[in-house]
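From first to last, the protein sequence lines are chains A and B.
Position in the first sequence (from 1) plus 5 gives the number in the numbering used here.
Position in the second sequence (from 1) plus 5 gives the number in the numbering used here.
Don't be surprised by glycine CBs; every beta carbon is placed ideally from N, CA and C.
For reference, the structure discussed in these notes is given below.
There are 2 protein chains.
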Amino acid sequence: MSKLSEQDIEKKLLRLPDWEYFDNAIHSEFEFENFKDCFSAMSRIAFECEALDHHPNWTNVYNVLTISLSTHSANGVTKKDFELARAIEQIVEPEED
Amino acid sequence: MSKLSEQDIEKKLLRLPDWEYFDNAIHSEFEFENFKDCFSAMSRIAFECEALDHHPNWTNVYNVLTISLSTHSANGVTKKDFELARAIEQIVEPEED
Chain A
6 MSKLSEQDIE KKLLRLPDWE YFDNAIHSEF EFENFKDCFS AMSRIAFECE
56 ALDHHPNWTN VYNVLTISLS THSANGVTKK DFELARAIEQ IVEPEED
Chain B
6 MSKLSEQDIE KKLLRLPDWE YFDNAIHSEF EFENFKDCFS AMSRIAFECE
56 ALDHHPNWTN VYNVLTISLS THSANGVTKK DFELARAIEQ IVEPEED
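Take a look at the structure:
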């Protein structure tokens, strides 16, 4: 798994408007109605993380969830981070059928 | 719910050796075998938070969970934070019968 170039990252981020790149990782913040809704989303994300064998750096304060994704072994952002970011988007803001 | 004095906090922390006081909050860090074990503990803690109606500022990176507790409305540490800290200790490191 190799580190993506900044150009590749910015290109991929065009499809993920809730995310931004800085400090060698991609970041997003999501706000929910309350803690219960936020932690429910975290639980669903946790299962995806295990399935993808890729894990976030994430912080929760009541109804707010802040997520940073990077790939430790590559010392930067890889395809794996985008795979997880897209899975998170599907959980947090599922598209209409 | 009133803010505890630093002296009261330090006294209460004698019974919670995994926790320390700084930056107007009490803090601890717990390490687990892996992400699954860590998130399982987080889920149990989340239920306690809802039951106590008191919520942490917490960060997870793979198998490590960092928790900070303070009471926003009191602008400091209150009894409620110690109540939650003790509940967390029981989940993370349950005492033998």
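Check                                                                                                                                : Outcome
Ser78 of chain A at chain B interface by Cβ criterion, 8 Å                                                                           : no
Entirely enclosed beta strand (DSSP E) segments - the region 42-89 of chain A, minimum 3 residues                                    : 62-66, 69-74
Cut-off 6 Å between Cβ atoms - residues of its own chain near Pro61 of chain B, not counting five sequence neighbours on either side : Ile72, Leu74
DSSP bridge partner residues for Phe27 of chain B (one or two, in chain order)                                                       : B:Ala30
Cβ shell of Leu57 of chain B (< 8 Å), same chain only, five flanking positions each side left out                                    : Lys85, Glu88, Leu89, Ala92
Leu18 of chain A - containing alpha helix (DSSP H), residue span                                                                     : 11-18
Lys16 of chain B vs Gly81 of chain B beta-carbon contact at 8 Å                                                                      : no
Whole-angstrom C-beta distance between Trp24 of chain A and Thr64 of chain B, which should lie under 8 Å                             : With a Cβ gap of about 19 Å, Thr64 of chain B and Trp24 of chain A do not count as contacting.
Buried/exposed call for Met6 of chain B, threshold 16 Cβ in 10 Å                                                                     : exposed
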